[in-house]
Each structure stands twice: as C-alpha cells, then as structure tokens.
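The listed protein sequences derive, respectively, from chains A and B.
Residues in the first sequence are numbered consecutively from 13, following this note's numbering.
Residues in the second sequence are numbered consecutively from 36, following this note's numbering.
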Amino acid sequence: MALKDFLYRCPACGHDPMEGRGDVATCPSCTLQIDRKATGTTCLRLHVPGTEAAPIEVPAATLADRITAHGGALTRATHSDGSLAYEAEVRVQTAGSEMPIRYRRRLLGFAERFGAGTPGILHLSADALELRSPSSADASSPRRWALEDIRSLQTSSSAVQITTHLDGVVLFRFTEDSPRRWDELLRHAIGERWKRLGKGTVQEFQPRIRAEEALP
Amino acid sequence: MSRHLVYPVLRSAARRIIPRLVRVESEGLEHLPLRGGVLLLPNHQSALDPFLVQAWAPRSVRSMTKSTQFGSPLMEWLLPRLGAFPVRRFKIDPQSVRTVLSLLDEGECVCIYPEGERSWDARLQPFRTGTLRTALEAIRRGIPVVPVGIDGMYDLLPRWGGLRRSGRTVYLRFGAPLDLGPIATRDQRDQALPDLAGQLRLSLLELSGERERERLRQEAPEISWRAQPIATGANPR
Chain A
13 MALKDFLYRC
23 PACGHDPMEG
33 RGDVATCPSC
43 TLQIDRKATG
53 TTCLRLHVPG
63 TEAAPIEVPA
73 ATLADRITAH
83 GGALTRATHS
93 DGSLAYEAEV
103 RVQTAGSEMP
113 IRYRRRLLGF
123 AERFGAGTPG
133 ILHLSADALE
143 LRSPSSADAS
153 SPRRWALEDI
163 RSLQTSSSAV
173 QITTHLDGVV
183 LFRFTEDSPR
193 RWDELLRHAI
203 GERWKRLGKG
213 TVQEFQPRIR
223 AEEALP
Chain B
36 MSRHLVYPVL
46 RSAARRIIPR
56 LVRVESEGLE
66 HLPLRGGVLL
76 LPNHQSALDP
86 FLVQAWAPRS
96 VRSMTKSTQF
106 GSPLMEWLLP
116 RLGAFPVRRF
126 KIDPQSVRTV
136 LSLLDEGECV
146 CIYPEGERSW
156 DARLQPFRTG
166 TLRTALEAIR
176 RGIPVVPVGI
186 DGMYDLLPRW
196 GGLRRSGRTV
206 YLRFGAPLDL
216 GPIATRDQRD
226 QALPDLAGQL
236 RLSLLELSGE
246 RERERLRQEA
256 PEISWRAQPI
266 ATGANPR
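In structure tokens:
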C-alpha cells in the first residue's frame, strides 16, 4: 500500500483522488505534497513545492479528520442526481474450504484457503455490489451481491473482505484504489440499505453485520 | 504447551533486529505475572506489534492471529510454532474462543488485539465485542486481563507504508490488570461489558500515549489550510 491509500483525498482542498507512490502523496489540484516525517510522533509532513512556505508537520489523525470534514469517500461516489455509484479495478479471490490448524495434535482453529485471483471491475450502487468482467468481449453476467445479503465487512491488510450466504468469504484487492475508501463506502451503503429496509441502524460490521435492535 | 525451538530462536532474533531500527523501552512489567494464565490486550499500530510484544514480554505469548495469515503451507507450519492460533474474523468463531480459554486455563499468556485490525492513523479504534466477551469470561475465571499500550510503532511501519527508521523510542507499556468487581451471573456479565470497554479504552489511551498526543493536537495552533475549491475527479458510473 501507499500513503495515498490512507489519504485518498486532499486534506487541504478536498480534491479526490490523491496521486503518488510509496510514502509520498500529491494533490493534483492544489499541489500540496505530503510525505512521511523522518522523526516524530505519528506526524506527516506537508509542503507545497515551489513555494517559500516551510513544510509543516501535522498529525496523521488531523489529516484523517480533514478528509472526513470534506465528505470522506462519499463526495466522489455521489452523483449530481444524488445516486450512489462508484467503481474500481480489483482482483477478486473467493475462499475455498476451511482447513483445521493443528499443532501437536491439538486443534487450534480453522483457516481458509483462497483461490487464484481474477481481475474484475467492482461496481457499487445503493442496492448492490457487482463484479463485472474487465473485458467488453466477455458477455457473461456479472456476479451480484445485494447489499442486504452481505453478512460481514472488514478490511484485511490491503484488501476488503465481505462474507455472503452464497459465496462465503470474498476478498477484493484494489489495483489502484484505496481499500480504506472502499471500506468507508461499503459501510455507508450497507448502513443506508439496512435503514431503507427497516432493519435498523447498523452497529457493527464484523464478525457479522448487526443492527441496533439485534444487539443484546 | 511446550514451545518449539523456532519460538526462542525468532524471539532472540527479534530482540536483536528491532533495536537496530528503533529504541525500545518496556514499562510496567510488574503488572505481568510470570506464571499462570494472563490475557494481554494491546492496541494495534503496526504489523510488527506481535514481534514487539512477544520479544519484550518476559514470558512466552500465544497470539490470536487472523486466519488469512495461515493461507500458505509455510505459514501454516510456522505460525503455530510461534505461538499463533487462528481466528476467522468474518464470522463468530467459537473454536478460537475455546482455544483462548483453554490456553488461559492451562496457565498460558494469550494476546488478543481488541481492535481486530491495525489503525490507519494511529488512533485507537472501536473494540470487537467478541474480544470483550472473551476478556470478560477470563476475568470471571479469575484470570488477569492486562491492557498493553504500544506507542511509536506507527512511525516505524504504518499500515499504509513501508519500514522506516523513525528515530524515536517505541514504548511497550503494561498496565494494571482491569478490575470489574464480581461478574458471576449472566446479567452481571452483560452489565459489565460496557464497563470493561470503558476501562480498557481509558487504559489504552493512556498507555499508548494517545491521550498525550491528542492533548498536543488540541493545543496546536490552527493550521491555515490553503483556500481552494473542493474538486473531485469523476468516477465512471
């Protein structure tokens, strides 16, 4: 992953998306550059190339709050008619059977093995998550998961993981986009979908999605 | 459970390698009993946190580890020898709870990261309810539950970046065991859940240095962000 996966939009001007590689993220709109500070306490360094202003050090938490204040992931995914639509290139993997993990004949737990990754375009709307083939020549119908059928949601390292009734655990690795952005978008979309269906306010997304009413 | 040779070898390697990257100081070791079951609940800033805890704790530690880490034959062989056991985070996993409680009953030191994943911005995240319930059951059994603050690993290896020497000291702080009073009945246990979450949060904010960082952040002068129109690149429908 890279700094732009964390700071996916500009904390200063709000431009979305940020550009950059590794430990440097750059805003193509206001030219702000953010990089890792050499020493410090969870701070990042901000400066605008070509200006005389000295770089300033800003806590990562402050930058994250600024992104939230700009509207987070929602601004770019919400279109002029108010509808939610967003997509990104992914490699998708589905978990196969679970295998027992033993040590010295003791059962420690279970782990799943994932199949080979296949490329696709992941499309999120207000009702569903769809995986489309990246090739326009592929006429097969896309895989579709209604948002209310998603049982759990979480990020796992650089991937976003969902669990569904039919497909079990499905893992999306984003080729260019930020898993943090997708986690926020999916949380929002699933939460809104549950509200529209009268299922309550979602309180937690893992180990399973649960609404307020269902909590003990 | 006796240890495989891999554990002390890698523990010793971690104690040699990590100090080449960063200065490490451990505090509050008096709160960690050297014998008997004990449950450690650290905050999670970096992929190196398990190495730090296991290398600097004065006893062997068994760590709950996400099941996807066991996905290759090498890791499936190695991780149990490093004291790790899997948890399926995408569903309620009764086997992982059984493993935790039986290890604690056998007198092992078990470590669970209650946030369930690494923080993006070094701040403490919400706790997983399942971990809190497991901790509550441990307390009900008379097992000490020790909050552990990790402070500084984010600068060394944040979730989104690579390894880089930060030049600062990393602190590993063991706090006083959480104390909730009697929790014999199911009703008492349910009532104790928010108390446990609150107590753990307060402890970890203090031990991880976040309370101090937050104070400095609030007191810092207002940043003059450049006034620019908010622009967003179009995402295709």
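Even for Gly, the Cβ is constructed at its ideal location relative to N, Cα and C.
Keep in mind the model is a prediction, meaning the values are calculated, not measured.
{"Item": "First through last residue of the beta strand (DSSP E) which encompasses methionine 99 of chain B", "Value": "96 to 101"}
{"Item": "DSSP bridge partner residues for aspartate 47 of chain A (one or two, in chain order)", "Value": "A/Val36 and A/Arg57"}
{"Item": "Beta-carbon proximity list for arginine 114 of chain A, same chain, < 7 Å, skipping 5 on both sides", "Value": "Leu120"}
{"Item": "Stretch-stretch touch, CB-based, cutoff 8 Å, three pairs: the region 72 to 82 of chain B with the region 144 to 160 of chain B", "Value": "yes"}
{"Item": "Chain-ordered neighbours of aspartate 17 of chain A on chain B, where CB pairs are closer than 7 Å", "Value": "Trp195"}
{"Item": "Contact set for valine 183 of chain B: own chain, Cβ-Cβ below 6 Å, skip 5 residues either direction", "Value": "Leu75, Pro77 and Phe209"}
{"Item": "Delimiting residues of the beta strand (DSSP E) encompassing valine 214 of chain A", "Value": "214 to 216"}
{"Item": "Beta-carbon gap between leucine 19 of chain A and isoleucine 79 of chain A smaller than 9 Å", "Value": "yes"}
{"Item": "Where tryptophan 195 of chain B sits in the DSSP three-state scheme", "Value": "coil"}
{"Item": "Residues that cysteine 146 of chain B bridges to, as DSSP identifies them", "Value": "B/Leu75 and B/Ser98"}
{"Item": "First and last residue of the uninterrupted alpha helix (DSSP H) at glutamine 253 of chain B", "Value": "245 to 254"}
{"Item": "6 Å CB neighbourhood of threonine 175 of chain A in its chain, flanking five on each side removed", "Value": "Arg163, Ser164 and Val181"}
{"Item": "Same chain only: Cβ atoms within 6 Å of alanine 37 of chain A, ignoring 5 sequence neighbours per side", "Value": "Leu15, Lys16, Leu19, Met30 and Ile46"}
{"Item": "Any C-beta of chain A under 9 Å from that of serine 95 of chain B", "Value": "no"}
{"Item": "In DSSP terms, what tyrosine 98 of chain A is bridged to", "Value": "A/Leu136"}
{"Item": "Heavy atom of the ligand GTP within 8 Å of arginine 103 of chain A beta-carbon", "Value": "This structure simply doesn't include the ligand GTP, nor any ligand for that matter."}
{"Item": "Contained alpha helix (DSSP H) runs [length at least 4] in the region 150 to 194 of chain B, N- to C-terminal order", "Value": "164 to 175 and 188 to 191"}
{"Item": "At least 3 beta-carbon pairs within less than 8 Å: the region 97 to 104 of chain A vs the region 58 to 75 of chain A", "Value": "no"}
{"Item": "Interface positions of the region 141 to 175 of chain A facing chain B (Cβ-Cβ less than 7 Å), listed along the chain", "Value": "Ser164, Gln166, Thr167, Ser168, Gln173 and Thr175"}
{"Item": "Terminal residues of the beta strand (DSSP E) in which tryptophan 157 of chain A lies", "Value": "155 to 158"}
{"Item": "For serine 164 of chain A, the three-state DSSP class (helix, strand or coil)", "Value": "strand"}
{"Item": "Residue closest to threonine 43 of chain A, alpha-carbon to alpha-carbon, out of A/Leu197, A/Arg21, A/Asp150 and A/Arg205", "Value": "A/Arg21"}
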